[in-house]
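With my numbering, you'll find the sequence shown wraps up at 189, consecutive numbering, no jumps. Glycine residues also receive a C-beta, built at the ideal position from the N, C-alpha and C atoms.
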Amino acid sequence: MDIQKLSRIDRHMVEWVNQYRIKPLDNLFIFITDTAYVTAVVIALLVLSIALYISRKSLKMKAVQLVTALAANTIVVTLLKFTINRERPYVHDPLIMKLTSGGSPSFPSGHTADAFVIAMSFTLLFSEKIFLNILIWLWVLAVAYSRVVLGVHYVSDIIGSAIIGSLIAIIVNKFFNHKYNYNMITL
């Protein structure tokens, strides 16, 4: 399969999702997409605040790891966005309606990568918090889907961003485990 065929499939998937969306849910998807960065930062800061309050070293390290993963993700995503410089779907296709902001280049999706880096980090650090992990992953899937339904990302942007965010979380986790060799004590 060549790159042009993949590109056509990618474009048609966005067209289909965008055109056949349930229009009364547009505001819900705009709200969900707007929560991505704020929720990622709030989760990281909440864990950091709890860690500072409880004064447990292992929890502080987990909080620092969450913040580090989010910061690393922001740097990688920004560098990739302006290096690859992929235009948004609505720029080339008049059938795709842009329903929310999306001004910088399309790949990778910062919203999706932020959501995945926080969710993967949280899962790696707090695997015993099953209910919270389920809620976070449901939010992540909603954010990822919202970026396509709102016409600001291709499906391939979302898949690539999910991989980027997840890999950064895993790499940062491995680094912290190796460098600081802290025990995974539960919250």
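- Note on geometry: alpha-carbon atoms of ALA65 and LEU50 lie some 5 Å from one another.
- In the displayed model, PRO110 falls within coil according to three-state DSSP, outside both helix and strand.
- The C-beta distance from VAL150 to VAL19 rounds to 5 Å, short enough to meet the 8 Å contact threshold.
- Taking the Cβ atoms as the reference, ILE98 lies roughly 5 Å from GLY153, within the contact range of under 8 Å.
- DSSP, reduced to helix, strand and coil, places GLU89 outside both helices and strands of the structure shown, so it counts as coil.
- Judged by pairs of C-beta atoms under 8 Å, the segment 131–144 does not touch the segment 81–95, as fewer than three such pairs exist.
- If only complete runs of 4 or more residues are kept, the segment 18–100 shows the alpha helix (DSSP H) at 28–56, 59–86 and 91–94, in order along the chain.
- Here DSSP, grouped into helix, strand and coil, assigns THR125 to helix.
- CA-CA distance, SER108 to SER158, rounds to 10 Å.
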